[in-house]
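Have a look at the structure below, then the notes.
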Amino acid sequence: MRGRIVRSLACAVLLLAGLASCGPAKPDAASTPKGPVRWELFGKELIGRWKEAEMLNSGGVQQETDGYTLKAGSPMTGIVFPTWEKDGLPLTSYRVTYEAMRVSGKDFFGSLTFPAGGVERCVTFVLGGWGGSQVGISSIDGLDASMNATGSAQKFEDGKWYRIRIEVTPETLFVWLDDRSLAKANIAKADLSLRSGEIDRCVPFGFASYGTEGRIRNCTVEALSGSPP
768 MRGRIVRSLA CAVLLLAGLA SCGPAKPDAA STPKGPVRWE LFGKELIGRW
818 KEAEMLNSGG VQQETDGYTL KAGSPMTGIV FPTWEKDGLP LTSYRVTYEA
868 MRVSGKDFFG SLTFPAGGVE RCVTFVLGGW GGSQVGISSI DGLDASMNAT
918 GSAQKFEDGK WYRIRIEVTP ETLFVWLDDR SLAKANIAKA DLSLRSGEID
968 RCVPFGFASY GTEGRIRNCT VEALSGSPP
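Count along the sequence shown from 1, then add 767; that gives the number in my numbering.
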C-alpha cells in the first residue's frame with residue numbers, strides 16, 4: 768500500500784514538472800530590445816545635455832521648458848548634443864522631428880546638422896537660408912542646398928511654428944515640412960559633407976541660426992524598423 772502511495776506521489780510530481788515546462792517561454796535575450804527606440808531630446812531627462820556650440824560671436828542660447836532659443840549671432844549661434852553616440856542614438860535608420868520658429872531676422876533659423884550613416888557623414892538641413900527662403904541639404908557630392916536637387920525656395924513668416932520631419936536610411940534621405948514632402952536624396956553612394964565654416968561645431972547633432980533669432984522645440988528621435996513611405 769505504502770509503495771503504491773509513493774509511486775503515485777512521484778507520478779504527480781513528474782506530471783506537475785511536465786506542465787510547468789510547457790508554460791510560457793522566457794523571452795530570448797537576443798530578441799529583447801536593447802535600449803530605447805525613441806528619445807525626447809528636449810524632455811526633462813535629456814534637455815540638460817545640450818551644450819552651446821562654440822561659435823565666434825555667438826548670440827547666446829536660452830533653455831526653455833520645451834527647447835531652446837538661439838539668439839542672433841554675428842553670424843552664427845548653435846547648440847549641440849555631444850553625447851549622441853554615448854547615449855546610443857542611431858547613426859542611420861532613424862526619424863527626427865522638431866518644430867522651429869523664426870523670431871526675427873532674414874536667414875536660417877532652425878537648421879539641423881545630423882548623421883547620415885556615421886559621424887563622418889554628417890549633413891545639414893538648411894531652413895530658411897540665403898536671405899530667408901532657401902531649404903535643402905548641405906552638402907551632397909560637394910554641392911550645397913542652393914545647388915543640389917534637394918534645394919527649393921519656401922516662404923517663412925516670423926512668429927510661426929514649422930514642423931520638420933527627416934528620415935535617414937542607408938540608401939535614402941527624406942525631408943518633410945509641415946507634413947508636405949520637401950526633398951528626397953539617394954545617399955548610398957553619395958559624398959556627404961558639411962559646408963565649410965563653423966557649422967561643424969554642431970556635429971554630431973545640433974541646431975544653428977545665422978544672424979537670426981530662432982526657437983526650437985519638441986525634438987524627437989525614433990529608430991526606424993522598416994523603410995519610410
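Here a beta-carbon is modelled for each residue, glycine too, at the ideal position from N, C-alpha and C.
Exercise. Could you give the DSSP three-state label for residue 954: helix, strand or coil?
Key: coil
Self-check item: Beta-bridge pairing of residue 818 - partner residues as DSSP gives them
Solution: 847
Quiz item: Identify the residues that DSSP records as bridge partners of residue 905: which are they?
Solution: 891
Quiz item: Identify the residues that DSSP records as bridge partners of residue 863: which are they?
Solution: Per DSSP, 933, 988.
Self-check item: Status (buried if at least 16 other CB within 10 Å, exposed otherwise) for residue 908
Solution: In this structure residue 908 is exposed. Its beta-carbon is surrounded by fewer than 16 other beta-carbon atoms within 10 angstroms.
Practice problem: Report the rounded CA-to-CA distance for residue 853 versus residue 882, giving the unit in angstroms. | Solution: 14 Å
Quiz prompt | Residues bridged to residue 830 [DSSP beta-bridge criterion] | solution = 835
Practice problem: Return the CA-CA distance between residue 825 and residue 871, expressed in angstroms with no decimal places. | Solution: 16 Å
Quiz item: Is residue 856 closer than 8 Å to residue 817 when the C-beta atoms are compared?
Solution: The Cβ atoms of residue 817 and residue 856 lie no closer than 8 Å to each other.
Quiz item: Just checking, does the segment 916-933 make contact with the segment 944-954 on the three C-beta pairs under 8 Å criterion?
Solution: When C-beta atoms of the segment 916-933 are compared with those of the segment 944-954, three or more pairs fall below 8 Å, so the two segments count as touching.
Quiz item: Contact check, residue 875 vs residue 896 under 8 Å by CB: the rounded distance?
Solution: Confirmed, about 4 Å.
Quiz prompt | Beta-carbon proximity list for residue 938, same chain, < 6 Å, skipping 5 on both sides | solution = Contacts found: 955.
Practice problem: For residue 986, I'd like the list of residues in its chain whose CB is within less than 6 Å of its CB, leaving aside the five on either flank, ordered along the chain. | Solution: 808, 809, 865
Quiz item: Taking all protein chains shown into account, do 16 or more other C-beta atoms lie within 10 angstroms of the C-beta of residue 834, making it buried, or fewer, making it exposed?
Solution: buried
Exercise. Could you tell me which residues DSSP pairs with residue 805 in its beta bridges?
Key: 989
Exercise. Would you list the residues sitting across from residue 919 in a DSSP beta bridge?
Key: 902
Quiz item: Skipping 5 residues on each side, what residues in its chain have a beta carbon closer than 7 Å to that of residue 842?
Solution: 977, 978
Exercise. In the DSSP assignment, find the beta strand (DSSP E) that holds residue 975 and state where it starts and stops.
Key: 973-977
Practice problem: Please determine, among 836, 812, 837, 847, the residue with the shortest C-alpha to C-alpha distance to residue 968. | Solution: Measuring C-alpha to C-alpha distances from residue 968 to each of 836, 812, 837, 847 identifies 847 as the nearest.
Exercise. Rounded to whole angstroms, what's the CA-CA distance from residue 981 to residue 992? Just pull it up for me.
Key: In this structure, the CA atom of residue 981 is about 32 Å from the CA atom of residue 992.
Practice problem: Could you tell me if residue 960 is buried or exposed, where buried requires 16 or more neighbouring beta carbons within 10 angstroms of its beta carbon? | Solution: buried
Practice problem: Check each candidate in 902, 892, 838, 884 and name the one with the smallest Cα separation from residue 822. | Solution: 838
Quiz item: DSSP on residue 869, reduced to helix/strand/coil?
Solution: In the three-state reduction of the DSSP assignment, residue 869 falls in the strand class, which pools E and B.
Self-check item: Coarse secondary structure for residue 968, derived from DSSP in three states
Solution: helix
Quiz prompt | Straight-line Cα distance separating residue 927 from residue 963 | solution = 30 Å
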